[in-house]
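FYI, the numbering for the sequence shown is 40 to 124, going by this note's numbering.
Yeah, the Cβ is synthetic: ideal placement off N, Cα and C, and Gly gets one too.
On a predicted model such as this, the values are computed, not experimentally measured, just so you know.
Heads up, the thing below is written out as structure tokens.
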Amino acid sequence: MLHPEQRPAVWRRTPTGYDADRVGLEVEEFSAAAFTQQLAAGLSAAERRQFFDTSQPGKSAAGHDFPAVLSEAEREAVLEYLKSL
């Protein structure tokens, strides 16, 4: 539940894929330049599919803007509540 401006433009899930401490998806973030370097390295089709590039059609990171209206304390309270479900 990131604020819209904190959402990464390019990311991929880590090998473990789960962050037990933060209770959520664990990802590696990439700048556009780093992502371009990865592509230039000659990745296989399977490796390219691991990257989520939000500039591509249908892969927007826009999501809901609900977190934008919350203070950091309110956002953390919502996350703690969701962890308890």
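Residues near residue i in its chain [Cβ-Cβ closer than 6 Å; skip 5 each side]
{"i": "F69", "result": "V49"}
Expected contact under 8 Å - CB spacing of residue i and residue j to nearest Å
{"i": "L109", "j": "V117", "result": "7 Å"}
Of the residues the options, the one placed nearest residue i, counting alpha carbons only
{"i": "P54", "options": "R114, V66, V62 and R61", "result": "V66"}
{"i": "F74", "options": "G102, P106, F105 and S94", "result": "S94"}
{"i": "A85", "options": "L64, R51 and Q45", "result": "R51"}
{"i": "P62", "options": "Q77, M40 and A72", "result": "Pro is not the amino acid found at residue 62; the sequence shown has Val there. Considering only alpha carbons, the answer is M40."}
Straight-line Cα distance separating residue j from residue i
{"i": "E111", "j": "Y120", "result": "14 Å"}
{"i": "E115", "j": "Q89", "result": "29 Å"}
{"i": "G97", "j": "D60", "result": "30 Å"}
Span of the beta strand (DSSP E), counted from its first residue to its last, around residue i
{"i": "V17", "result": "The chain is shown from 40 up to 124; residue 17 falls before or after that span and cannot be answered."}
{"i": "F91", "result": "F90 to D92"}
Neighbourhood of residue i by C-beta distance below 7 Å, restricted to the same chain and skipping five residues each side
{"i": "H2", "result": "Nothing about residue 2 can be reported from this structure: the residues present for the chain run from 40 to 124 only."}
Residue range of the unbroken alpha helix (DSSP H) whose run includes residue i
{"i": "F74", "result": "A71 to A79"}
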